[in-house]
Each structure stands twice: as structure tokens, then as C-alpha cells.
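These notes are about the structure you will find just below.
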Amino acid sequence: MSELLKVPTMAEFMAEGKQPEVLFWVGCAGSFDDRAKKITKAFVRLLNRANVEFAVLGTEESCTGDPAKRAGNEFLFQMQAVTNIEVLNAYEVKKIVTACPHCFNTIKNEYPELGGQYEVMHHTQFLKSLLNDGRLTIEGGQFKGKRITFHDPCYLGRANNVYEAPRDLIRKLDAELVEMKSCKSRGLCCGAGGAQMFKEPEKGNKDVNVERTEQALDVKPEIIAAGCPFCNTMMTDGVKAKEKEADVQVMDIAELIANAQDL
Amino acid sequence: MNYIPNIIFAIALIAGIGYFAKNVKKLIRNIKLGHDVDVSDNKSQRFKNMAMIALGQSKMVRRPIAGFLHIIVYVGFIVINIEVLEIIIDGLFGTHRIFSSIGNLYGVLIGIFEILALLVFIAVTIFWIRRNIIKLQRFWKAEMTSWPKNDGNFILYFEMVLMTLFLIMNATDVHFQEMNNGNIISQYIAPLFSGLSENTLHFIERGAWWLHILGILVFLNYLYFSKHLHILLAFPNTYFGKLKPKGQFDNLEAVTKEVKLMMDPNADPFAAQPEGTEAPAKFGASDVQDLSWVNLLNAYTCTECGRCTSECPANQTGKKLSPRKIMMDTRDRLEEVGKNIDANKGEFKPDGKQLLDDYITREELWACTSCNACVEACPVSIDPLAIIIDMRRYLVMEQSAAPMELNNMMTNIENNGAPWPYNQMDRLNWKNE
Ligand code: SF4
Ligand code: SF4
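Chains as they are written, first to last, in the working numbering: chain A, 2 to 264; chain B, -10 to 422.
Okay, here's the thing in C-alpha cells:
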């Protein structure tokens, strides 16, 4: 199936003297993490289906610096930021879409002061706009009537007040959207943010992802929907820890939509 | 005429307000120990936030029971203070119920005060039950050691006593009861005192009156030492609260300068720094003076309600981190620094202590997921996360003291542009996998 994916790079567009409609910022997880790569591909299939002229930076992309900044390494963050901004500005990028809320937050909020001003969208917002413009249709397919709960990524929800775009997309699948007891602005973190993804947790009596997964399992979903590659990993591990992987799947919104139409 | 009561009253008033003013000055000095930040932007949004969050209590009602009770106490507090104005005038000029000359309206006002006094009493009693009998978890966390726990209860006792005194004062005021205008609640308390001579009643009435106003002056001065300071500071604090998206952390300007210098091929690394632009002594914060004054204002405003801590994922899963403790520690250390300055003729003498390690441990700092749940939960716009990140910055940039795994992550970003040890040249490999 991979041969069907069209993934042009900015360099290729440039060589043809063209500008893409939007730059897809893949992010480190989306580029390297096995689970997250599936999300990346699902999103690309949707972009291809909707005939979106997009490009990626490919090997010219580098970490946004988010984990360094949250860990306290402002130097490393700004070095990354300035380097990335140079590349983006050289390509005269105007609009960026990303499937990672951490990249989304960093580029959207923290890059402008350092010279990088772009319109930045999370992939759920972008998919929603494709839908609104009639460029993409969503069918329920295999998810019709399924119980789906959405786990709000902190850096999409609380950090940037995006709560509805992912939910609207789930509703479009004709699925039954069920909310956890703490959701939206009160959603519990998956435990990965603030560079926690890259270290062992401090001593406690439970792992955060297990706590959050328990909250999700409480509403008896068939699918836990996520909008962040790190949340995805944490929730998947949580479901495994609760030995529920036979009954409950963790899927990104992009995967839900792509799979619904057998893309 | 006998002026002694008037004089005593004036002295009490001046002493009470004077001591309070002295402490307010100290408070402002301490807050100004923080470094400056520019919060002069967006005035209209800031006023709106203050009106909504502090005046309108918009965040309190997210927890409906506590929010509702709190609004009763809050409205009661403000409205009943109109009565204090009358008490002060009466006290200074030896008049009695000077406002009663406004006629019927006076009865309406006092009637409202009496109803509110009763409601406040009931609400405060429920608060006490929630703290001490039901033992709501958030009031019994590790940082709620003896003083914070007592402080919470003292405030409730204060309010109970003040409300009771107010009602007794009205109930034993024979003239007021005879007027029978506005004694909505006190008329039911008056019978308790029936059978007492007019003199005794007058004595009780005067006693309640004096205790009421002295109590208020004592309470005023208690604020500085208490979490109850929030009744004043909630206003500036919500005004100066963060307006940017919660996910946006500030970019350290000093770092920007150095990074630009490093990236600029034409820059002369040995060039003398232009006057006045030298890099600050250190990056990040290890003590209160390294924080911004808004952070310090936050610390004094914290009402120790624990809403932040009860929403914190780290705390919920048994980690040591508690955002409320971060704020309490910051205030305690700031007070310590302030006392040090007082004791040393206006100058801080190093005391071998700091906020980091002596108050806030590294274990707490590294447990934070930067999820912003604490910031979202706070009813008075406090940002514990900002302090946590500033202290991490100190640990990483000044001490290279990040946990080993994080150092590995950062080395990877530095070398291959990803937090994992993958080659940047492989970034697009997924396309063909
Ligand atoms: S940002 Fe940190 S301190 Fe605040 S709630 Fe989240 S984990 Fe706790
Ligand atoms: S920081 Fe805010 S939420 Fe936390 S205890 Fe203080 S006032 Fe309450």
C-alpha cells in the first residue's frame, strides 16, 4: 500500500517553483515511533484522498525543541527553534499542519517571538476544515455506533482551548461519543508531557497513564480516541497494563477516519 | 460629655489600620524582590478577567457546592462592611446608629445585613464541617501541616464570632428592637435576653459592639499572616494573570540574545557587551528573588484551597509534587527573606538557604507533566507551573542537574534533531516502509 502514498517534500516543490497549500510538520514521534508512523500515514492517506497539495520537510525537519524547553533547557530549545525557523522561512511557509499537539503548541505559540510566524493547525482542525469545505467526506463505516471516548491531549485542550474539532470528527463517524468523568478543560494528563515521556516517573503509588486509562475504561468504550502520538503510546500501555487490549483499541482520530473509508 | 470612649476608639482604629498599612508596605516590598515582567499589555482583557474571576467568582462555581457557599460568604462580607462604616462614624463621634435617620431604607439595609449574617454563619459552619468532620481530601494533604490547617479554621471561627456579635449587638439594642424595622433575624434572638434589666442589655450591646469592631480590626491585621490575604490580592492577581495560551511558556530573552550571537556568523564573540545588556547573573530560579514579581504575588494570593493539587496528575498518583505546596513554599521562603531584610537594616544577608532543596525538592520539580491542570483549576489565576519550569531551568542550565534520561534525550536532540537516537537523514523513511 505504501507505494500509493504521495509525500512530496518542500525541496521538490521549490525545484518546480511551486508552493504547497500547507506544510505537514510530521514531528519526531510521527517520523520515528512505530506506532506514530501509522498515524502519520493515515493522515497522509486522507490528505491524498482530499487532493491537498501538501509537502513535508523530510530530512530538513528537526525537533521543535518542545521536550527540551519543558525540561528546562531553554538554550537547546531556542537553538532548535531558530534553526527550524530559518528553514521554514527560507521556504516561505505560511501554513502548517501537524498531528502532534506538542509541535502544534510550540510552533504556534513559541516560535512567533523568535521570528517564525505561521498559521498552525492541529490535524483534527485541518480535517474538520476539509470536511467543511466539502473536500473530504466522512463515513461511519466500521465505526458506526461504536462507543468511542476521546482523551484530550493537554497541549491541544487546556493549553490551546481546542476541544471541539476532534469531537466533531468522531460524531461524523456516527459513533457514540462518550465522555470520561474528567474531560475537556478538566481532562487528566496521560503522563507523557513535560518531557516525562523520556524518563522514569518519580516514586508514587501508580502511573499516570494507568490512572487515566482506568478513567477511560470506566465509561466502557470500544475505542479510546487520541489526538497525540504520546498520549497514544501512554494510553496503549495503560490498556495493556489493565489487560484490556482484546476489547479496547487506542486509535488516533486520523486513523479512525481513514479506516472508516478503508483507506 | 465623656470623650474617653471616642478617644479609645480612635486610638484602636489608628493602631489597627496603621499596623496593617505597615504590613502592606512590607508585602509590596517583598513582592518587588521579584524581577520585573511587562504586564502592561491588554488592559481591557485584564480588567475583564478581574471582573469575571475575582469580582464575579466565575471559577469558584466550577465546584458548585463550595462555590455557592463561598459566594454567600463573599457577598456577606462585602455588604456587611457597609455597616462597619456606620460603626466607625458612631465610634468616632459618639453617635448611635447615625444612618438610622435615613428612615425606612435603614431597616431594609439592616434587614439585609442580618439575613446575610445568618447565611454567612451557616455557610461558614458547613465549611468547618467539610474541613474537620467530612475531612475533604484536599484539606488533608501533606503540606497542610499544623499552621495551614489551623489558619483555615481560625478564619472560620473569626467569621462565626463576628457574625454572632453583630446579631447579638442588634438583639440587645432595645431602641433598635422597639423600632422593629430591620430586625428580621435579631428579633428571634432578643427573647434570649428578655428579663435582663435595661442596663444589663445596654452593657451587652456595648460589649458586642466593641468586640465586633475590635474583632474586625484584629481580623484585618490577621490577613497578612494568613491565606485570607486572598480577599485583597485576588484582585491584582487576576488582573496580572496570564493572558497567553496556557501552553505558551515565555522565551528567555537572555537566551535569545546568546543564541542569536551564536548563530550569527558575523558576530564577534569577543566583542564587549554593550552597557546595560549584560546577561543576568543566572538562568532560571533557585530562590525567590529569581522569580518574577507576578510569581511572588501569586504566592501571597494563594488561598491554599488545594483545587490545583486535587487536579494534579502527579499528586493523584502519589508523587510528592503538589502545586499548592509550590505556592506555599514560595510564600514561606519569601517571608523568610523579608524577615532577613528587616533584621539586617534593609539588606538581605545570605542565610545559606534557598527555595530549591530547602523548600522545594528536585523530586517534586521533575514529577511535573506540565499539563496545566493546576493553572486551569486555580480560582484566582495562579500559575504554579511557571515556578516549576523556572526552577527546572536553573537545574538544567546552571547545574546540568537533569535526570540522566533527560540528559540523554537532550543530547539526542542536539546531535540528531530528535529526542531518540535516530539519524535525521532517516526522517522520511516512514514513507516507504
Ligand atoms: S502542570 Fe505540573 S504541577 Fe500542575 S497539575 Fe500538571 S503535573 Fe501537576
Ligand atoms: S494555587 Fe490556586 S488552586 Fe492552588 S491552592 Fe492556591 S489558590 Fe488554590
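All residues carry an ideal CB built from backbone N, CA and C; glycine is no exception.
Excluding its 5 nearest sequence neighbours in each direction, Ile377(B) has C-beta neighbours in its own chain below 7 Å: Ile315, Leu354 and Cys357, listed in chain order. Annotation for Pro373(B) indicates a beta carbon within 7 Å of some heavy atom of ligand 1. Using a 10 angstroms sphere on the CB of Phe192(B), the tally of other CB atoms stays under 16, which defines it as exposed. By the 16-neighbour rule on beta-carbons within 10 angstroms, Asn70(B) is exposed.
Along the region 278 to 310 of chain B, the positions whose C-beta sits under 8 Å from a C-beta of chain A are Glu300, Pro302, Ala303, Gln305, Thr306, Gly307, Lys308, Lys309 and Leu310, read in chain order. Counting C-beta pairs closer than 8 Å gives three or more between the region 80 to 89 of chain A and the region 111 to 122 of chain A, which meets the contact rule. The continuous alpha helix (DSSP H) containing Leu151(B) extends over residues Ser135 to Ala160. Per DSSP, the beta-bridge partners of Gln250(A) are Ile224(A). Within the same chain, no residue comes within 6 Å of Ser183(B) by CB-CB distance, once the 5 residues on both sides are set aside. 8 Å or more divides the Cβ of Cys29(A) from the Cβ of Pro302(B). Counting the other Cβ atoms within 10 Å of the Cβ of Asp331(B) gives fewer than 16, which makes it exposed. Contact of Asp208(A) with chain B is assigned, a C-beta pair being separated by under 8 Å. In the DSSP assignment, His201(B) falls within the alpha helix (DSSP H) that extends over Glu187 to Tyr211. Fewer than three beta-carbon pairs drawn from the region 148 to 159 of chain B and the region 319 to 331 of chain B are found closer than 8 Å, and the two stretches are therefore not classed as touching.
Relative to ligand 2, the beta carbon of Arg119(B) is positioned no closer than 7 Å to any heavy atom. A direct Cα-Cα distance of roughly 41 Å separates Leu232(B) from Gly18(A). Counting every other CB atom within 10 Å of its CB across the protein chains shown gives Arg127(B) a total of 16 or more, marking it as buried. The beta carbon of Ile60(B) lies closer than 6 Å to those of Gln46 in the same chain, with the five residues before and after it left out.
Bounds of the alpha helix (DSSP H) holding Leu105(B) are Asn93 to Asn121. The DSSP assignment places no complete run of the beta strand (DSSP E) inside the region 33 to 93 of chain A (cut-off: 3 residues).
Chain-ordered, the chain A residues with CB closer than 7 Å to the CB of Ile378(B) read Gly73.
The way I'd put it, the region -6 to 14 of chain B does touch the region 77 to 86 of chain B; three or more beta-carbon pairs between them come closer than 8 Å. Chain-order list of chain B residues neighbouring Pro21(A): empty, with the shortest C-beta distance near 15 Å, by a criterion of under 7 Å.
Between the region 22 to 41 of chain A and the region 58 to 65 of chain A there are three or more C-beta pairs closer than 8 Å, enough to call the two in contact.
DSSP, reduced to helix, strand and coil, places Val28(B) outside both helices and strands of the structure shown, so it counts as coil. Excluding its 5 nearest sequence neighbours in each direction, Met15(A) has C-beta neighbours in its own chain below 8 Å: Tyr92, listed in chain order.
The CB of Asn404(B) never comes closer than 9 Å to any CB in chain A; the least such distance is about 11 Å. With a cutoff of 8 Å on beta-carbon distance, Asn226(B) and Val369(B) are scored as near each other. Taking the beta carbon of Lys42(A) as reference, the chain B residues within 9 Å of it are Trp419, Lys420 and Glu422, listed in sequence order. Listed in chain order, the beta strand (DSSP E) runs fully inside the region 208 to 245 of chain B amount to none, counting runs of at least 3 residues.
At least 8 Å separates the beta-carbon of Glu75(A) from that of Pro21(A). The secondary-structure analysis by DSSP pairs Thr10(A) across a beta bridge with Val57(A).
Put simply, of Ala226(A), Ala196(A) and Lys39(A) the residue whose alpha carbon is nearest the alpha carbon of Leu264(A) is Lys39(A). Pairing Cys363(B) with Glu293(B) gives a Cβ-Cβ distance that is not under 8 Å. Taking CB atoms only, Met80(A) has a neighbour in chain B less than 8 Å away.
Between ligand 1 and the CB of Pro53(B), the shortest heavy atom gap is not smaller than 7 Å.
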